[in-house]
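Numbering-wise (this note's numbering), the sequence shown opens with residue 17 and increments by one.
Idealized CB from N, CA, C, for every residue including glycine.
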Amino acid sequence: KNRSTSGAKENKFLGGYNLTYQFSSIFNLNAAYAFESRDYNSIGDTPYDSYTTTGDVEGFGYSKGGLSMYNFQDDSQTAAATLNYAQEFGELDVKGKLNFTVEDRTTQSFQASGNFDSSTVSITSNSTTVRSQNYSAIVGLVYQDKYILDGLWRNDGSSLFGPDNKWNSYYRVSGAWRISEDFTIPG
């Protein structure tokens, strides 16, 4: 007779907040915060005299009993603030954005298992924290609704980048011409 029992329970809680404030007709601020927490637990036990399948010639035997426990917890949060700018100067439209984002995630796990004669006891645990920050600036110019210039600068910092290189900068510049504003294209 197999009298093994097991059970698992998971809890999850998440939420977020978002705030927009209009300073004037050309400036507004977006602020956001989000969080998530997840906790998972499981336990299983097998009494010493339970039958189980084995690698023996007979194919079954007594289990020698066992107990297993597992716990996993994951907590993360993100906060961001973005200052937006938009204004027209005659035929020139100017848009800009300054952004700051911070993220934090911590995971922890614990596992223990073994049988009752202590020949196969295993206990492991792990804890990881990842943190990152990001600063960015974006500027876009549109002249006469046909000439477009766009630029971005971004600086990312992360605990995943390694001890000697926590920050990396990225940038881009792009331009475009809406040719259809100057020429009639048939068809």
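Where does residue 62 land, buried or exposed, given buried means 16+ other C-beta within 10 angstroms? buried
Residue 81: first and last residue of the uninterrupted beta strand (DSSP E) it sits in: Looking at the DSSP string, residue 81 is not in any beta strand (DSSP E), and its letter there is neither H nor E.
Near residue 152, what residues of its chain come up, given a Cβ to Cβ distance below 6 Å and the 5 sequence neighbours on each side ignored? 115, 170
For residue 17, count neighbouring C-beta atoms within 10 Å of its own C-beta (all shown protein chains included) and say buried if the count is 16 or more, exposed if not. In this prediction, residue 17 scores a pLDDT of 48, lower than 50, which makes its location untrustworthy; no coordinate-derived value is stated.
Give a yes or no on whether 9 Å exceeds the smallest Cβ distance from residue 102 to chain C. Absent from the structure is chain C; it holds one protein chain and no more.
Opposing strand residues paired with residue 146 [DSSP bridges]: 121
Just how far apart, CA to CA, sit residue 99 and residue 39? 10 Å
Anyone know if the C-beta pair for residue 164 and residue 190 falls short of 9 Å? Yes; because the gap between Cβ atoms is below 9 Å, this pair is in contact.
Just mark residue 82 as buried or exposed, buried being the case when its beta carbon has 16 or more other beta carbons within 10 Å. Buried, since its Cβ has 16 or more Cβ neighbours within 10 Å.
Whole angstroms are fine: how far does the CA of residue 113 sit from the CA of residue 185? 17 Å
Give me the Cα-Cα distance between residue 162 and residue 150, rounded to the nearest whole angstrom. 32 Å
Bridge partners for residue 173 per DSSP, in chain order? 149, 183
Expressed to the nearest angstrom, what Euclidean distance is found between the alpha-carbon atoms of residue 140 and residue 182? 29 Å
Within the chosen definition, does the segment 47-67 reach the segment 99-111 through at least 3 CB pairs nearer than 8 Å? no
Do you know offhand how far residue 96's Cα is from residue 201's? 44 Å
Best match in 143, 148, 24 for proximity to residue 58 [C-alpha to C-alpha]: Among 143, 148, 24, the Cα nearest to that of residue 58 belongs to 24.
Reduced DSSP secondary structure (H/G/I, E/B, other) of residue 190: In the structure shown, the three-state DSSP call for residue 190 is strand.
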